[in-house]
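First residue of the sequence shown? That's 5 in this note's numbering, and the numbers climb one at a time after it.
C-beta: ideal position from N, C-alpha, C; glycine also.
Notes follow once the structure below has been shown.
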Amino acid sequence: MLPPEEVVTILKQFLEQFGHRHVKNMSIEGIGHLARIILTEHVFVYNNKYYRQVKGGAMGSPFTLTLANIFMWHWEQKLVRRQIQGNELYGRYIDDIFLTWKEPIEQLTQVLKEANDSHPDIKITYEISQCTSFLDLRIQNTDGQLQTSVHHKVSSEPYTLPFKSDHPHHTFENIINTQLLRAARYCSTLEAGMCLKKKMGWCAPSRTLMAAHPCLEEFNREQQYIKLMLLYAGYPLKYIRYYFYKTLVTLSINPPIITPIIYHENQYDLARQNYLKQPTKLQHLRASRIAGQMNPHQRSLWMDPIVSFHFDKKQQKKNTDDPMIIHYIHEKRLRHYKFMIHKIWQQVFGKTPAATMRLIVGTRNNRNLIK
5 MLPPEEVVTI LKQFLEQFGH RHVKNMSIEG IGHLARIILT EHVFVYNNKY
55 YRQVKGGAMG SPFTLTLANI FMWHWEQKLV RRQIQGNELY GRYIDDIFLT
105 WKEPIEQLTQ VLKEANDSHP DIKITYEISQ CTSFLDLRIQ NTDGQLQTSV
155 HHKVSSEPYT LPFKSDHPHH TFENIINTQL LRAARYCSTL EAGMCLKKKM
205 GWCAPSRTLM AAHPCLEEFN REQQYIKLML LYAGYPLKYI RYYFYKTLVT
255 LSINPPIITP IIYHENQYDL ARQNYLKQPT KLQHLRASRI AGQMNPHQRS
305 LWMDPIVSFH FDKKQQKKNT DDPMIIHYIH EKRLRHYKFM IHKIWQQVFG
355 KTPAATMRLI VGTRNNRNLI K
């Protein structure tokens with residue numbers, strides 16, 4: 005639960021610490037007043053009666069989530085400094101936290117107890133283990149080395165969008181591409197089978213498991229999991245193999261076309277390291293938002309390269325005409341519409357100045373499919 009006045013104070017501290025005197029021409033004081041209104045004047049109806057929420061924020065509100073993240077940022081500062089001093093890892097996504105610890109467990113328990121008692125509105129539950137999951141990532145500590153792989157909840161079914169559903173063709177391709185790239189990002193070249201052994205209750209000796217699952221087995225096993233999930237959803241085997249091969253080629257890996265399985269550990273490790281150096285989609289989105297708030301005179305040589313890329317891209321767009329964008333509701337029976345619209349555009353405007361304007365024809369999903 006977010007205490008309103010404390011959250012507003014922390015919000016101002018956050019903006020000041022990161023050098024934001026104004027956000028979209030709004031002062032910090034103005035932002036604080038608006039945040040206070042949102043937190044203190046939220047009303048809802050229950051049993052035909054009006055209620056005003058006096059503590060916390062509206063669930064599902066983007067602004068409430070942002071305030072909660074800023075509130076957690078303030079709460080975790082002492083813990084983060086301790087982790088940095090100890091050369092340890094610390095990561096947080098909203099209210100899920102992962103950290104490493106080399107000292108005795110008793111000291112870690114005391115640190116977590118202090119963190120738990122530091123604020124009356126924050127209570128944490130924790131699990132200390134050599135193998136754990138953080139969101140959809142499985143992390144295992146083996147002799148001081150962290151090994152990672154994709155985490156699948158035991159209770160979740162291997163389900164994805166059915167191939168026969170009425171969605172644009174690129175949607176199915178993107179599913180395969182995203183799943184494989186996640187596997188490449190998550191599956192380290194070291195064996196992560198021991199954690200799986202403990203979860204499944206296997207009794208085979210460690211050396212037997214390591215011999216049965218060589219270094220690349222974790223990634224290739226994830227490929228098999230993805231393939232079975234896609235087959236279960238009705239994806240043709242030939243379609244799966246083609247886009248498996250296409251995605252692996254983008255990673256500078258050239259597997260066999262018929263069975264796109266990687267056999268060379270060094271090739272996989274090099275391709276994975278190169279891929280990990282590339283900015284993620286989230287980093288691009290964040291950089292794009294930052295670039296959108298900047299003025300031309302704020303351009304500097306020490307600007308983040310990703311922000312610089314999006315800033316230059318936005319400046320180029322300002323110097324060109326806006327494209328004509330046309331959307332229509334996607335249906336398989338209308339797949340020829342895109343070609344027809346471009347053809348009619350050329351017939352009508354081909355000999356006019358409008359012919360130089362870029363035409364973009366896209367589709368939107370049906371509302372019942374979006375839900």
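From the listed residues Lys317, Thr70, Arg290, Ile143, the smallest Cα separation to Ile42 is found for Thr70. Within the model, the alpha-carbon separation for Ala291 versus Asp308 is close to 8 Å. Setting aside the 5 residues that flank it on each side, Leu235 is surrounded in the same chain by Leu241, Ile244, each with a C-beta closer than 8 Å to its C-beta; the list follows chain order.
Looking from the CA of His268, the closest CA among Ile230, Asn224, Lys336 belongs to Asn224. Taking a C-beta distance under 8 Å as the contact criterion, Arg40 and Val12 qualify as a contact pair. The Cβ atoms of Ile14 and Phe67 do not sit closer than 8 Å to each other. In this structure, Ala72 is the residue among Ile88, Phe353, Ala72, Val27 with its C-alpha nearest to the C-alpha of Asp99. Note on the segment 12-77: whole alpha helix (DSSP H) runs with a minimum of 4 residues are 32-44, in chain order. Thr113 is the residue among Thr146, Ser122, Pro124, Thr113 whose C-alpha sits nearest the C-alpha of Glu131.
Per the DSSP secondary-structure output, Ile109 pairs with nothing in a beta bridge. Within the same chain, and ignoring the five residues on either side of His46 in sequence, the residues whose Cβ sits closer than 8 Å to its Cβ are Arg56, Gln57, Gly61, Ala62. Pairwise C-beta distances place the segment 120-131 out of contact with the segment 158-165, as fewer than three of them are shorter than 8 Å. Within the same chain, His155 come within 6 Å of Ser137 by CB-CB distance, once the 5 residues on both sides are set aside. When only Cα atoms are considered, Tyr279 and Tyr190 end up about 11 Å apart. For Tyr163, no alpha helix (DSSP H) encloses it, and the DSSP letter there is neither H nor E.
If you compare the alpha carbons of Phe22, Leu185, His37, Ser31 with that of Val253, the shortest gap goes to Leu185. Gln149 sits in a strand when the DSSP states are folded into three classes.
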